[in-house]
Amino acid sequence: MAKFDFKDFLERMNFKYKLSVLNENTLGEVWHIRVTRMRVFLLSFLLIVVLFVLFYFLLFNTPLKRLTPGYMDTEIQAKMINESLKVDSMQSEIEKQRNYITTIVSLMKGDFKIDDVKSMDSILQERETFIGKTKREKAFDDNFENEEKYNLSVLDASKPANADVMFFCPPTNGIIEEHFQLKRHYGIDFVTAPYESVVAVAEGTVIFAGYTIDEGYIIQIQHSNNFVSIYKNNSEVLKKIGDHVLSGEAIALAGESRSKKQSSRLHFELWQSGTPQNPENFIIF
């Protein structure tokens with residue numbers, strides 16, 4: 005076996021070759037280059053390094069990195085899950101808003117039948133079911149519940165002597181703007197939140213539900229013991245003549261206030277046997 009001669013190897017690697025380009029017609033030399041095996045090896049190695057660096061940059065610093073096996077299982081997958089959750093939440097909220105709007109439109113058209121056992125805040129409860137309460141609404145409800153927690157509305161001692169004991173509830177949640185005055189003002193005026201629910205003060209039957217130019221929508225309910233409750237200046241009535249209502253059931257929405265902006269107004273009267281009664285003698289507000 006021949007011994008490897010390193011000196012001879014270097015001489016062969018550094019042996020110069022001339023690469024010429026000739027003109028086919030004149031056979032004259034157009035261009036030439038002198039190279040060695042060592043130079044060709046070094047240039048090839050340098051070209052490979054440059055191509056590797058360029059490929060690495062393109063692969064990990066451009067969208068091409070998404071084609072790398074395993075990449076989708078980490079960063080992209082986490083982003084896709086996060087975006088999917090956001091889209092699902094948005095779809096859920098849009099569906100709630102659509103259901104709420106559909107309910108309100110049906111209610112305005114009279115196509116939506118209100119359950120007889122709903123409470124005085126039935127309209128707000130429908131809204132809460134679809135889109136939830138705002139912080140302001142929640143604080144208002146909590147304050148009202150605390151105020152009315154032990155409020156049992158019964159007949160006052162000044163009630164007519166011939167009336168049986170009855171239980172009445174306030175017709176709406178608001179502030180009394182004008183009190184009852186015999187021969188001048190046969191009822192009580194309330195200032196309430198915009199379009200506050202108006203409820204029946206006691207169980208009875210609707211004997212009138214209509215609209216007048218001066219007093220807006222009016223609804224009248226016949227109760228036992230010859231009591232009649234009258235609710236005026238409503239923006240809309242939710243019951244029709246002949247409907248049986250329960251105490252605290254929503255029957256109308258309060259109308260716009262003439263004296264205050266961003267509020268509603270309700271005029272409430274209570275009559276017995278054709279005689280106007282002071283509601284404050286029968287209801288604890």
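The sequence shown finishes on residue 289 if you use this note's numbering, and the numbering steps up by one all the way, no holes. Glycine included, each C-beta is placed from N, C-alpha and C at the ideal position. Just so it is clear, the structure is predicted and the values come from calculations on it, not from any experiment.
Going by C-alpha positions, K113 is about 10 Å away from L242.
If you draw a 10 Å sphere on the C-beta of I105, you find fewer than 16 other C-beta atoms in it, and that means exposed. Only residues of its own chain outside the window of five on either side were considered, and among them K236, N237, N238, S239, G259 have a CB closer than 8 Å to the CB of G220, listed in chain order. Secondary structure of Y21 (DSSP, three-state): strand. Taking all protein chains in view, the Cβ of D193 is crowded by 16 or more other Cβ atoms within 10 Å, so the residue is classified as buried. Rounded to whole angstroms, the gap between the alpha carbons of Q224 and E87 is 54 Å. Ranked by Cα distance from E207, the first of H227, A197, R188 is H227. Going by DSSP, V54 is part of the alpha helix (DSSP H) stretching over 41 to 64. For I287, no beta strand (DSSP E) run applies, since DSSP gives it neither H nor E.
By the CB criterion at 7 Å, V195 and E181 fall inside the cutoff. With a 10 Å radius around the Cβ and a threshold of 16 neighbouring Cβ atoms, G252 comes out buried. The three-state secondary structure of A82, taken from DSSP, is helix. Around the beta carbon of E200, a 10 Å sphere encloses 16 or more other beta carbons of the protein chains shown; the residue is thus reported as buried. Per DSSP, F172 lies in no beta strand (DSSP E) segment and is marked neither H nor E.
For the pair Y21 and V44, the CB atoms are not nearer than the 7 Å cut-off. Taking the C-beta atoms as reference points, E273 is found no nearer than 7 Å to Y215. With fewer than 16 other Cβ atoms from the protein chains shown falling within 10 Å of its own Cβ, V57 counts as exposed.
With respect to the C-alpha of I179, the residue from M170, L186, P198, R188 having the closest C-alpha is P198. P280 is the residue among F59, L14, P280, A82 whose C-alpha sits nearest the C-alpha of K187. Excluding five sequence positions before and after F144, the CB atoms of its chain that fall closer than 8 Å to its own CB belong to A197, given in chain order. With respect to the 7 Å criterion, V202 and P175 are classified as neighbours on the basis of their beta carbons. Residue pairing from DSSP places L274 in a beta bridge opposite S233, Q281.
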